[in-house]
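Working notes, structure below.
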């Protein structure tokens, strides 16, 4: 199984809603990543979990809250988002997070904030 | 910290060649190449780790210069399936993985 699965594929939420994005992999990878991608732009790194510990937080607003319940799962909790947060949210995983192994990406969640 | 790619966009006819460059102001820990089609996830192409390294498969290859500050992706005899946005990427200090600015490549019949 070389897949990273993200759910849901599409999400529409209001600015007062609370929602969560889910990411799952069963490749035994110990590094997992959240990226945000706006149209026609490169993915921007948000968070990195390494061995289930948050190792990188790229100054992301607190309305985004990551969680890594176990080595296979990664969640992104969303609360009080703004319309400018509308984007494609990509999850990725890699073997150890050393920078020398490839990243496997999920197909993403297309988020619209109204 | 983000590597800069050039050109920003390129249009090719089937069968033509292209070169995409990725440059950094400081030495890169490693350089990865990914291709992303519209509405899809990035797909891994290759990784280069050592200065002076060259690597390739089929008609897509890449090089990493000796100082590890520049990488180039070579696409030869382009096919329609090569269309997409190409990103270089690097882990400057391991798990901080950043993508380059991107190059949109369109192959037309």
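Protein chains in written order, with the numbering used here: chain A, -12 to 101; chain B, 164 to 272.
Cβ coordinates follow ideal geometry from the N, Cα and C atoms, glycine included.
- Take the alpha-carbon of residue 224/B and the one of residue 200/B: they are about 19 Å apart.
- In the structure shown, residue 99/A adopts extended strand secondary structure according to DSSP, grouped into three states.
- Residue 83/A and residue 219/B have their C-alpha atoms roughly 24 Å apart.
- Contact check for residue 62/A and residue 53/A: beta-carbon distance about 7 Å, within the 8 Å limit, so the pair qualifies.
- Of 249/B, 235/B, 264/B, the smallest CA-CA separation from residue 182/B is found for 235/B.
- Cβ neighbours of residue 226/B within its own chain (closer than 6 Å, five residues either side excluded): 217, 235.
- Contacts between residue 266/B and chain A, judged by CB atoms closer than 8 Å, are missing: the closest CB pair is about 10 Å apart.
- Interface flag for residue 170/B against chain A is unset, since no Cβ pair is found closer than 8 Å.
- Listed along chain A, the residues sitting closer than 7 Å to residue 263/B by beta-carbon distance are 29.
- Taking residue 37/A as the centre and dropping the five residues before and after it, the same chain places the C-beta of 18, 84 closer than 6 Å to its C-beta, in chain order.
- Looking at the DSSP output, residue 198/B bridges to 206/B, 249/B.
- In this structure, residue 32/A sits away from residue 192/B, with a CB-CB distance that is not shorter than 8 Å.
- Taken in chain order, the members of the segment 76 to 100 of chain A whose beta-carbon sits within less than 7 Å of a beta-carbon on chain B are 77, 84, 85, 86, 87, 89, 90, 92, 93, 94, 95.
- Proximity of the segment 227 to 246 of chain B to the segment 63 to 72 of chain A falls short of the contact definition, fewer than three beta-carbon pairs being nearer than 8 Å.
- Secondary structure of residue 244/B (DSSP, three-state): helix.
- Counting C-beta atoms within 10 angstroms of its own C-beta, residue 43/A has 16 or more neighbours from the protein chains shown and is therefore classed as buried.
- Residues of the segment 8 to 22 of chain A whose Cβ lies closer than 9 Å to any Cβ of chain B, in chain order: 18, 20, 22.
- Around the beta carbon of residue 210/B, 16 or more other beta carbons sit within 10 angstroms, so the residue counts as buried.
- Between the alpha carbons of residue -3/A and residue 97/A lies a gap of roughly 5 Å.
- Only residues of its own chain outside the window of five on either side were considered, and among them 180, 222 have a CB closer than 6 Å to the CB of residue 239/B, listed in chain order.
- The three-state secondary structure of residue 53/A, taken from DSSP, is strand.
- For residue 5/A, the uninterrupted beta strand (DSSP E) run begins and ends at 5 to 12, by DSSP.
- The DSSP-derived three-state label of residue 71/A is helix.
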